[in-house]
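Trainee:
There are 2 protein chains.
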Amino acid sequence: MTAYGEGMRLTAFTDISLRIVMRLAVARDEELLTTRTVAQTLAVPYSHAAKAVARLVELGLVETRRGRGGGLWLTGAGRNASIGGIVRALESGGDLAGCEDDPPCPLRAACRLRTALAEAREAFFASLDPITVESLVASPTGPVLVLLGREEGDLRP
Amino acid sequence: MTAYGEGMRLTAFTDISLRIVMRLAVARDEELLTTRTVAQTLAVPYSHAAKAVARLVELGLVETRRGRGGGLWLTGAGRNASIGGIVRALESGGDLAGCEDDPPCPLRAACRLRTALAEAREAFFASLDPITVESLVASPTGPVLVLLGREEGDLRP
């Protein structure tokens, strides 16, 4: 079960993945971003960022190249991807409540709440469907992300 | 941050609270339900159920009476309450992502995603607004709940 005292949350995995695509979406052409620099900029643990990057590559949203001149890039598909689509792909599904936890909920076989919650989650995703990665980094978010990039050590104007 | 490998979830607190109102909604007139029997029926820890009951009483959805003949009841307001309203009241708010975690997200001051996620959560709640506690326990859930009640020891037909 999730912790007490907080509201509903995306998983940390989805949260980090979304931060990464937003950061990559404002990368300047000459920037060489790596998983390590992106993790630092976004204040997330490197190991978590690396897992998220691997999944984003699987989904065709991010490309990586190793070695000199290597790094991370958002693909064209990644730039135009729907946030609703990304969140659907990253949230592994399952139930919004602990229906199948151990012990499972005794009501699960005939629960109307379960269906209602699944429909509510669909409404949540649908609300994010029209929003693209690109649109999230339009002003004011974009300039803030670029400034963060400069704090990584590149202080050229 | 929430655990990896699961999808978005309601909090355990909300989950348990919803199970409790559903169980109380199908209580027979002569039934004397207590927090302990309800917790057992719903396979949730007693201490969690007790916290949820206290909050449901605060919200005017549940009434309790101590001593002989005491127990738990759903109020009229509780029976007609909207699931959307209950979930809004129980989920403590905050952000859907770790915007203000320690360390906070560096993008939080100018994040379009944060607003988009807040709007998506509102769509989630709105989807649950038309659903009442009463409607959730209509067939098929109601009879299952009643059978569970009988498993508590009351085997009269």
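Chains A and B supply the protein sequences, listed in that same order. For what it's worth, my numbering labels the leading residue of the first sequence as 1, then goes sequentially. For what it's worth, my numbering labels the leading residue of the second sequence as 1, then goes sequentially. We treat Cβ as the ideally placed atom computed from N, Cα and C, and that holds for glycine. Just so we're clear, the structure is a prediction, and the values are computed from it rather than from any experiment.
Say whether the stretch 110-120 of chain A touches the stretch 132-139 of chain A, bearing in mind that this needs 3 or more beta-carbon pairs closer than 8 Å, one atom from each stretch.
Mentor: no
Trainee: Determine, using beta carbons only, whether G85(B) comes closer than 9 Å to chain A.
Mentor: no
Trainee: Considering just the uninterrupted stretch of the beta strand (DSSP E) at G71(B), what are its terminal residues?
Mentor: Unbroken beta strand (DSSP E) run through G71(B): G71 to L74.
Trainee: With a cut-off of 9 Å, does the C-beta of L18(B) fall near any C-beta of chain A?
Mentor: yes
Trainee: Starting from L74(B), find everything on chain A with Cβ-Cβ shorter than 8 Å and list it in chain order.
Mentor: Here the premise fails: no neighbours, minimum Cβ distance about 15 Å.
Trainee: Taking contact to mean 3 or more Cβ pairs, one atom from each stretch, closer than 8 Å, check whether the stretch 67-86 of chain B and the stretch 28-45 of chain B are in contact.
Mentor: yes
Trainee: Taking 8 Å as the threshold, find out whether the stretch 43-53 of chain A comes into contact with the stretch 93-100 of chain A through three or more Cβ pairs.
Mentor: no
Trainee: Which ranges does the beta strand (DSSP E) cover as unbroken runs of at least 3 residues, wholly within the stretch 46-134 of chain A, from first to last along the chain?
Mentor: As far as the stretch 46-134 of chain A is concerned, its whole beta strand (DSSP E) runs of at least 3 residues are 62-65 and 71-74.
Trainee: Hey, out of R65(B), R88(B), R66(B) and T75(B), whose CA is closest to R23(B)'s CA?
Mentor: T75(B)
Trainee: Got a sec, what are the start and stop residues for the alpha helix (DSSP H) M8(A) sits in?
Mentor: Neither: M8(A) is in no alpha helix (DSSP H) and is coded neither H nor E.
Trainee: Against chain B, with Cβ distances strictly below 9 Å, would L24(A) count as a contact?
Mentor: no
Trainee: Please list the terminal residues of the continuous alpha helix (DSSP H) segment that includes T41(B).
Mentor: T35 to L42
Trainee: Near I83(B), what residues of its chain come up, given a Cβ to Cβ distance below 6 Å and the 5 sequence neighbours on each side ignored?
Mentor: L128 and I131
Trainee: Beta-carbon separation of R79(B) and A43(B) under 9 Å?
Mentor: No, the Cβ-Cβ distance between R79(B) and A43(B) is not below 9 Å.
Trainee: Which whole-angstrom value is the C-beta distance of L61(B) and A39(B), which I expect to be below 8 Å?
Mentor: In fact, because the Cβ distance is near 17 Å, the residues do not count as touching under 8 Å.
Trainee: Please confirm whether E58(B) has its beta-carbon closer than 9 Å to some beta-carbon of chain A.
Mentor: no
Trainee: Contact criterion: CB-CB distance below 9 Å. Does T11(A) meet it with respect to chain B?
Mentor: yes
Trainee: Can you tell me the Cα-Cα spacing of G93(B) and G67(A), whole angstroms?
Mentor: Distance between the alpha carbons of G93(B) and G67(A) is about 44 Å.
Trainee: From the DSSP output, in three-state form, read off D29(B) for me.
Mentor: coil
Trainee: By how many angstroms is the C-alpha of D102(B) removed from the C-alpha of C111(A)?
Mentor: 37 Å
Trainee: Just confirm the distance between the C-beta atoms of L90(B) and S17(B), as a whole number of angstroms; I'd bet it's less than 8 Å.
Mentor: 6 Å
Trainee: Since G93(B) meets chain A, which of its residues come closer than 8 Å, beta carbon to beta carbon?
Mentor: Result: G7.
Trainee: Whose C-alpha, out of F13(B), E63(B) and M8(B), is nearest the C-alpha of I86(B)?
Mentor: F13(B)
Trainee: Straight-line CA distance for M106(A) to T41(B)?
Mentor: The displayed chain sequence assigns Pro, not Met, to residue 106(A). Taking the straight line joining both Cα atoms gives about 7 Å.
Trainee: As a quick exercise: from F124(B), P104(B), A138(B) and A126(B), pick the residue whose alpha carbon is nearest that of P45(A).
Mentor: P104(B)
Trainee: Pull up the distance between the alpha-carbon of L56(B) and that of R28(B), whole angstroms please.
Mentor: 20 Å
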